[in-house]
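One structure below.
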Amino acid sequence: MSTSDETPASTIITLEALDLAALIASRVCHDVISPVGAIVNGLEILEDEKDEGMRGFAFDLIKKSAAQASARLQFCRIAFGAAGSAAAMLDLGDAEQVARGFVEDQKTKLTWEAPRQLLPKNMVKLLLNLVLVATATIPRGGVIAVTAIGEGENTEFRLVSNGPSARVPTNVLDLLAGKAPDDRIDAHVIQPYYTGLIARAANMGVTIEAEIEGERIVTIAKRLPA
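In terms of the working numbering, the sequence shown opens at residue 17 and continues consecutively.
Take a look at the structure:
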């Protein structure tokens, strides 16, 4: 599957700018509401609890959740935000840092083999959004290996997701191409749809294939022919 213009124009869904902004904002809120809620819970425990063991647990919860909320906001700032002017160049090293903070946990690990270089903003935003798509291909956790080959605008991205029950989520390929079930886009599916928008803005095509069914999914993004 490719996000190139092989899809008939009549099937492409176009969102109004305000609707797109609202759905992206909803997605960002979804990503940060859980750790923020945990911080609130920890503060409530500190307010009511006298037991030192429980207070220590509350402090640990607040510290961990605050770090998680910060990591998710830093990731979203680049993946979904403006992150500079329209012509901005972004550093793949910074992308690695925010991707690790967002993705890595007890279930999922990230390996990164991308030489540090400045790339056009939309290429870096595309890579980060593809990392998010890759996490959805291994719902039970595993390893996501990110590789960047080449330099400048000719850089090609390759993401390999390894994990039990690896699969390409339903409708992701259509969403990347700008299509959606029942011709409707909501906050649950906005991220892969947005990824397709970024790919087209960067003039890059994206393919996602199951290389080993149930174990490995390969995602490739490379520049489309002129």
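The beta-carbon is built from N, C-alpha and C at its ideal position, and this holds for glycine as well.
Of the residues Pro180, Gly212 and Leu148, which one's Cα is nearest the Cα of Phe91? Of the candidates Pro180, Gly212 and Leu148, the one whose C-alpha sits nearest the C-alpha of Phe91 is Leu148.
List the endpoints of the continuous alpha helix (DSSP H) containing Ile206. Ile206 -> alpha helix (DSSP H) spans Ile206 to Ala217.
Less than 6 angstroms between C-beta atoms, sequence neighbours within five positions excluded: which residues of the same chain meet that for Ala161? Excluding positions up to five away in sequence, the list reads Thr127 and Val176.
Output needed for Arg174: all residues of its chain with C-beta closer than 6 angstroms, excluding positions within five of it in sequence on either side, in chain order. Excluding positions up to five away in sequence, the list reads Thr163 and Ile236.
Going by alpha carbons, who is nearest to Ile55 out of Arg239, Ile78 and Leu39? If we check each option's Cα against that of Ile55, Ile78 comes out closest.
Taking Ile233 as the reference, give the member of Arg43, Ser181 and Leu191 with the closest Cα. Distance check between Ile233 and each of Arg43, Ser181 and Leu191 places Ser181 closest, using alpha-carbon atoms only.
For Asp64, three-class secondary structure by DSSP: Looking at Asp64 - three-state DSSP - the assignment turns out to be helix.
Rounded C-alpha distance that separates Leu108 from Ala193: For the pair Leu108 and Ala193, the Cα-to-Cα distance works out to about 25 angstroms.
Measuring alpha carbon to alpha carbon, tell me which residue in Glu229, Asp202, Gln207 and Leu142 is nearest Val222. Looking at the Cα atoms, Leu142 is the closest of the given residues.
In three-state DSSP terms, what is Ala25? With a pLDDT of only 39 at Ala25, under 50, the local geometry of the prediction cannot be trusted, and the value read off the model is given with reservation. Looking at Ala25 - three-state DSSP - the assignment turns out to be helix.
CB-CB under 6 angstroms to Ala217, same chain, minus the five flanking residues each way: which ones, in chain order? Excluding sequence neighbours, Ala217 sits near Asn138.
Going by DSSP, name the residue or residues bridged to Ser177. According to DSSP, which records beta bridges pairwise, Ser177 is partnered with Ile160 and Ile233.
At what residues does the alpha helix (DSSP H) containing Asp16 begin and finish? The requested residue 16 does not occur in the structure, where the chain is confined to residues 17 to 242.
If I measure Cβ to Cβ from Ile40 and keep anything under 7 angstroms in the same chain, skipping five residues before and after, which residues do I get? In the same chain as Ile40, and ignoring 5 residues on each side of it, the C-beta atoms closer than 7 angstroms to its own belong to Phe96, Ile206 and Tyr210, in chain order.
For Phe118, count neighbouring Cβ atoms within 10 angstroms of its own Cβ and tell me buried if that reaches 16, exposed if not. So Phe118 counts as buried.
Measure the Cβ-Cβ separation of Ala98 and Leu144 and say whether it is below 7 angstroms. In this structure, Leu144 does not lie closer than 7 angstroms to Ala98 by Cβ.
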